[in-house]
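*Asks:* Mind looking over this structure? Questions follow.
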Amino acid sequence: MSVLSYLESLAGDALHLPSEKKRVQDAVLKLQERLTRHFGNELEKHFKFGSSVRGTNLPQQYAEEMDIDYLVVFRERGLTPKTLLRKLIDFAELHYRRNEVFQSSPAVVIVLRSVRFELVPARRTLTGIFHSHEIPNARANDWIGANPLGFECALIERNKECHSRLKAAIRLVKIWNAANGYVFSSFRLENIAIDLSYPLDKNLKDYFCRLLSKLPETELGTAWRVERLRRGKRMLADALRLEENGENMNAYKVLDRLFGNK
282 MSVLSYLESL AGDALHLPSE KKRVQDAVLK LQERLTRHFG NELEKHFKFG SSVRGTNLPQ
342 QYAEEMDIDY LVVFRERGLT PKTLLRKLID FAELHYRRNE VFQSSPAVVI VLRSVRFELV
402 PARRTLTGIF HSHEIPNARA NDWIGANPLG FECALIERNK ECHSRLKAAI RLVKIWNAAN
462 GYVFSSFRLE NIAIDLSYPL DKNLKDYFCR LLSKLPETEL GTAWRVERLR RGKRMLADAL
522 RLEENGENMN AYKVLDRLFG NK
């Protein structure tokens, strides 16, 4: 077994099991039905977006909660962001009263056993030239442009350019990230992955090693994040050195620690 086969096996394990997919699908369908019944013609449309659509989110065995980003597009353009957030809070408290519900701008969060929904209120832009929708800013006192499905298209194209290895590499880095207390936000990791250059990389080991080794320390504002990133890079370098020296079992032990398996 090589480092490559170890990473390929772990990336495969990071795919969602059919039973888990079914639970999430059922929760999404129930949310869709409740939104439609509750708001009726107030809504223009509503849909999933984010890492659950891109195929880069982690199953629950690697992440504390499975996040589903969900855009709720209202027809009425004259309502303020705070008003729409209030409408979504009222909806969540009525239909999910036994679950945790709270506002985390620009979203309303509903925490279920199998999934964590982040409902983002939105309205369609008038021109649609640069952004397809507008969502609340962090303070929920104004609107900002957003293109919720644009990033999905960009990642699909980048993954094709990268021999269909980039999504798997992102999942691996997210496993490391989750095991280390979320050094980076998940969305930031995906942005970094898309922006990097992979001139000579062919297999999953190449893509993962480049991505982890190129994660920037300069944008980390706290010492513990910097230290965990440095430690991760050191451990990866140690595993590669051990493999090169023929010490595969020791390399696997280092990788286990890297990904928080032991």
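Residue numbers (our numbering): 282 to 543. From the three backbone atoms N, C-alpha and C, an ideal C-beta is built for every residue, glycine too. Fair warning: this is a prediction, and the values are worked out from it, not measured in the lab.
(1) Could you pull the DSSP bridge partners for residue 324 from this structure?
(2) With DSSP as the reference, label residue 381 as helix, strand or coil.
(3) Given 8 Å as the limit, is there contact between the segment 369-383 and the segment 342-352, that is, 3 or more CB pairs closer than that?
(4) Within its chain, find whatever has a CB closer than 8 Å to the CB of residue 374; leave out the 5 residues flanking it on each side and keep chain order.
(5) What first and last residue would you give for the alpha helix (DSSP H) that runs through residue 374?
(6) Curious, which full-length alpha helix (DSSP H) runs of at least 4 residues does the segment 462-492 contain?
(7) Where does residue 495 sit, in a helix, a strand or coil, going by DSSP?
(8) Alpha carbon to alpha carbon, what distance is there between residue 356 and residue 405?
(9) Given residue 288, which residues of its chain have a CB within under 7 Å of its CB, disregarding the five upstream and five downstream residues?
(10) Whole angstroms are fine: how far does the CA of residue 342 sit from the CA of residue 324?
(11) Is residue 283 closer than 8 Å to residue 524 when the C-beta atoms are compared?
(12) By the 10 Å Cβ neighbour count, where 16 or more other Cβ atoms means buried, how is residue 440 classified, buried or exposed?
(13) Find the nearest neighbour of residue 473 within the set 459, 450, 462 and 385, judged by alpha-carbon distance.
(14) If you drop the 5 nearest sequence neighbours on each side, which residues of the same chain put their C-beta closer than 7 Å to that of residue 336?
(15) For residue 493, which of 505, 504 and 540 has the nearest alpha-carbon?
(16) Where does residue 416 land, buried or exposed, given buried means 16+ other C-beta within 10 angstroms?
(17) Can you give the Cα-Cα distance for residue 445 and residue 506, rounded to whole angstroms?
(18) Report the three-state DSSP secondary structure of residue 414 (helix, strand or coil).
(19) List the whole-angstrom C-beta distance separating residue 470 from residue 483, where the pair is believed to meet the contact cut-off of C-beta under 8 Å.
(20) Please report the residue range of the alpha helix (DSSP H) in which residue 431 lies.
(21) Please determine, among 408, 380, 387 and 290, the residue with the shortest C-alpha to C-alpha distance to residue 397.
(22) Apply the 10 Å Cβ neighbour rule to residue 402 and answer buried if 16 or more other Cβ atoms are within range, or exposed otherwise.
(23) Considering residue 426, what are the terminal residues of the beta strand (DSSP E) in which it resides?
(24) From 319, 431 and 344, pick the residue whose C-alpha is nearest to that of residue 462; which is it?
(25) Rounding to the nearest angstrom, what Cα-Cα distance links residue 387 and residue 535 in this structure?
(26) Where does residue 340 fall in DSSP's three states?
(27) Whole angstroms are fine: how far does the CA of residue 459 sit from the CA of residue 321?
*Replies:* Considering the structure as presented:
(1) Residue numbering aside, residue 324 sits at position 43 when the sequence shown is read from its first letter. According to DSSP, residue 324 bridges with 355.
(2) Position 100 of the sequence shown holds residue 381. Residue state, collapsed to three classes: strand.
(3) Judged by Cβ distances under 8 Å, the segment 369-383 makes no contact with the segment 342-352, as fewer than three pairs qualify.
(4) Indexing the sequence shown from 1 puts residue 374 at position 93. Closer than 8 Å at Cβ, skipping near neighbours: 382.
(5) In the sequence shown, counting from the first residue as 1, residue 374 sits at position 93. It spans 362-376 - the alpha helix (DSSP H) in which residue 374 sits, taken as one unbroken run.
(6) Listed in chain order, the alpha helix (DSSP H) elements of length 4 or more contained wholly in the segment 462-492 are 467-476.
(7) Along the sequence shown, one-based indexing puts residue 495 at 214. For residue 495, the secondary structure class from DSSP, reduced to helix, strand or coil, is coil.
(8) Taking the sequence shown and counting its residues from 1, one reaches residue 405 at position 124. Taking the sequence shown and counting its residues from 1, one reaches residue 356 at position 75. Distance from the CA of residue 405 to the CA of residue 356, rounded to the nearest whole angstrom, comes to 8 Å.
(9) Numbered from 1 along the sequence shown, position 7 holds the residue referred to as residue 288. Cβ neighbours of residue 288 beyond the five flanking positions: 453, 485, 486 and 489.
(10) Walking along the sequence shown from the start, residue 324 turns up at place 43. Walking along the sequence shown from the start, residue 342 turns up at place 61. Using only the alpha carbons, I get a separation of about 35 Å.
(11) In the sequence shown, counting from the first residue as 1, residue 524 sits at position 243. In the sequence shown, counting from the first residue as 1, residue 283 sits at position 2. Taking a C-beta distance under 8 Å as the contact criterion, residue 524 and residue 283 qualify as a contact pair.
(12) Taking the sequence shown and counting its residues from 1, the one referred to as residue 440 is at position 159. Its Cβ being crowded by 16 or more others within 10 Å, residue 440 is buried.
(13) Locating residue 473 in the sequence shown gives position 192, counting from the first residue. With distances taken between Cα atoms, residue 473 lies closest to 450.
(14) What you label residue 336 is simply residue 55 of the sequence shown in a count that begins at 1. Within the same chain, 448 come within 7 Å of residue 336 by CB-CB distance, once the 5 residues on both sides are set aside.
(15) Working through the sequence shown from its first residue, we reach residue 493 at position 212. The residue with the shortest Cα to Cα distance from residue 493 is 540.
(16) If you number the sequence shown from 1, residue 416 lands on position 135. With 16 or more other Cβ atoms within 10 Å, it is buried.
(17) If you number the sequence shown from 1, residue 445 lands on position 164. If you number the sequence shown from 1, residue 506 lands on position 225. Distance between the alpha carbons of residue 445 and residue 506 is about 30 Å.
(18) The sequence position of residue 414 within the sequence shown is 133, counting from 1. Three-state DSSP puts residue 414 in a strand.
(19) Numbered from its first residue, the sequence shown carries residue 470 at position 189. Numbered from its first residue, the sequence shown carries residue 483 at position 202. A Cβ-Cβ distance of about 22 Å is found for the pair residue 470 and residue 483, leaving them out of contact under the 8 Å criterion.
(20) Numbered from its first residue, the sequence shown carries residue 431 at position 150. Where residue 431 is concerned, the enclosing alpha helix (DSSP H) stretches over 431-442.
(21) Position 116 of the sequence shown, counted from the start, is the residue given in the question as residue 397. If we check each option's Cα against that of residue 397, 380 comes out closest.
(22) Translated into the one-based positions of the sequence shown, residue 402 becomes position 121. Counting Cβ neighbours within 10 Å, residue 402 comes out buried, since at least 16 surround it.
(23) Position 145 of the sequence shown, counting from 1, holds the residue named residue 426. That run of the beta strand (DSSP E) goes 424-427.
(24) Within the sequence shown, the letter at position 181 stands for residue 462. The residue with the shortest Cα to Cα distance from residue 462 is 344.
(25) Your numbering for residue 387 matches position 106 in the sequence shown. Your numbering for residue 535 matches position 254 in the sequence shown. As the crow flies, the alpha-carbon of residue 387 is around 39 Å from that of residue 535.
(26) As a working mapping, residue 340 is identified with position 59 in the sequence shown. Reduced to three states, the DSSP call for residue 340 is coil.
(27) By one-based count along the sequence shown, residue 321 stands at place 40. By one-based count along the sequence shown, residue 459 stands at place 178. Cα to Cα, residue 321 sits roughly 38 Å from residue 459.
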